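Comments concern the structure below.
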Amino acid sequence: METPAITTSLRGLVYLEITIHGPNKDLHSGLFGGAVPNPINVLSSIIASLHDSHRRITVPNFYDDVVETSPRVRQQWQKMGFDDNEFLGSVGLTESFGEVDRSTIERTWSRPTCDVNGIYGGYMGKGAKTVIAAHATAKVSFRLVANQDPRKIIDSVRAFVQARLPKDCRAEFTEFGVNRAFHVPDGSIFLAAAERALNQVYTRPAVLIGSGGSIPAVGAIQRILGAPALLMGFGLDDDCVHSPNEKFEVGCFEGAQKSHAALLSEVGRMRV
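Listed below in structure tokens is the structure:
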């Protein structure tokens, strides 16, 4: 490994299951179609309204607490040589998609998102059955960034859905995951200490990166212990993370040992 990395942000998560209830039983679409609300149609309409034409999330006040990436970190990202074609080609796609006027790195590392992870309702078997379902369900996740409060987001989403329900429909919400984002401010003295420590071990300066994923324990450590958290990365792209043949090279392990020793030395000299 030639270039070490420090992860300065992890996105938080709100994961909701949203069920729209309509009639008290499945109905024949020939007898009731056009005369009663269809929960699948209602749910689909709500989902479609979650984004505007610029692919921004339309839930009121959703972006109120979003913190923009610092110019220094954004400049580092621009110099990383991220290849959109390679990134998209690996999953069989050709064109970047998402919030307008944002790079792929920004969209995945530092911007909040909304995705439907599953949807079901009505007849799901082989062939056809002309029913109007009694209810329809979607599993929806919101990735959050620094300063966004998951509870505020949940309240806003609930109000957004409720405001779009026909009179005879009701919504049921189940929470499956709620955690805050993790963020290290660019001016953090501990971040500076980590950069100095890595510079003692590696010939290239550390790059500051983000991650679109969530590690709830990191934020909990900061919140409960009242201590800053640092994520220094030493893995490689071909480590096959979470695969049966996952690896971590000996050279990377040795670099991590030296880096942690250097970090302890740097922190030990600090006055906080």
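Residue numbering for the sequence shown follows my numbering, starting at 3 and increasing by one per position. Glycine included, every Cβ here is placed at the ideal spot set by N, Cα and C. Since the model is a prediction, treat every value here as computed from it, not as a measurement.
Alpha-carbon spacing of residue i relative to residue j, whole angstroms
i: Asp86; j: Ser105; result: 9 Å
i: Gly124; j: Thr139; result: 10 Å
i: Trp79; j: Glu177; result: 34 Å
i: Thr10; j: Thr71; result: 10 Å
i: Ala258; j: Ile226; result: 26 Å
i: Gln1; j: Ala173; result: In the structure displayed, the chain extends from 3 to 274; residue 1 sits before or after that span and is not available.
i: Phe64; j: Ser46; result: 20 Å
i: Ala130; j: Val180; result: 38 Å
i: Glu88; j: Gly94; result: 10 Å
i: Ser55; j: Val69; result: 23 Å
i: Gln224; j: Ala183; result: 11 Å
i: Pro152; j: Gly24; result: 28 Å
i: Asp188; j: Val75; result: 8 Å
i: Gly36; j: Phe175; result: 27 Å
i: Arg57; j: Trp111; result: 16 Å
i: Val252; j: Ser190; result: 31 Å
i: Ala50; j: Asn119; result: 14 Å
i: Leu15; j: Ala222; result: 13 Å
i: Asp239; j: Pro246; result: 15 Å
i: Gly228; j: Met272; result: 17 Å
i: Glu157; j: Asp67; result: A small correction: the amino acid at residue 157 is Asp; Glu does not occupy that position in the sequence shown. So the alpha carbons of these two residues sit roughly 15 Å apart.
i: Phe162; j: Tyr17; result: 16 Å
i: Gly91; j: Cys171; result: 42 Å
Own chain partners of residue i with C-beta closer than 6 Å, once the 5 adjacent residues on each side are dropped
i: Lys27; result: Ala136
i: Pro218; result: Asn181
i: Ala148; result: Val69, Ala183 and His185
i: Gly212; result: Ser11, Trp111 and Ser112
i: Asp117; result: Ser143
Reduced DSSP category for residue i - H, G, I as helix; E, B as strand; rest coil
i: Lys154; result: helix
i: Lys249; result: coil
i: Val61; result: coil
i: Gly32; result: helix
i: Cys254; result: helix
i: Arg109; result: helix
i: His53; result: strand
i: Phe89; result: helix
i: Gly14; result: strand
i: Asp117; result: strand
i: His262; result: helix
i: Gly228; result: coil
i: Val133; result: strand
i: Leu95; result: coil
i: Arg271; result: coil
i: Val44; result: helix
i: Val142; result: strand
Whole-number beta carbon distance between residue j and residue i, since they are thought to touch under 8 Å
i: Ser261; j: Pro6; result: 7 Å
i: Ile107; j: Phe84; result: 5 Å
i: Arg113; j: Glu101; result: 6 Å
i: Leu29; j: Ile155; result: So it is not a contact: roughly 34 Å between Cβ atoms.
i: Val142; j: Ile20; result: 6 Å
i: Glu268; j: Ala199; result: 5 Å
i: Arg166; j: Ile59; result: In fact, because the Cβ distance is near 15 Å, the residues do not count as touching under 8 Å.
i: Leu146; j: Arg13; result: 6 Å
Cβ-based neighbour list, residue i, same chain, cut-off 7 Å, excluding 5 preceding and 5 following
i: Gln202; result: Ala264
i: Pro168; result: Pro39 and Val44
i: Ala241; result: A small fix is needed here, since residue 241 is Asp in this sequence, not Ala. The residues are Glu248, Lys249 and Phe250.
Cβ shell of residue i (< 8 Å), same chain only, five flanking positions each side left out
i: Leu232; result: Ile8, Val186, Phe192, Leu193, Ala196 and Leu265
Exercise for review: Kindly provide the ranges of any alpha helix (DSSP H) runs that are 4 or more residues long and lie completely inside the stretch 157–223, ordered along the chain.
Suggested key: 191–203
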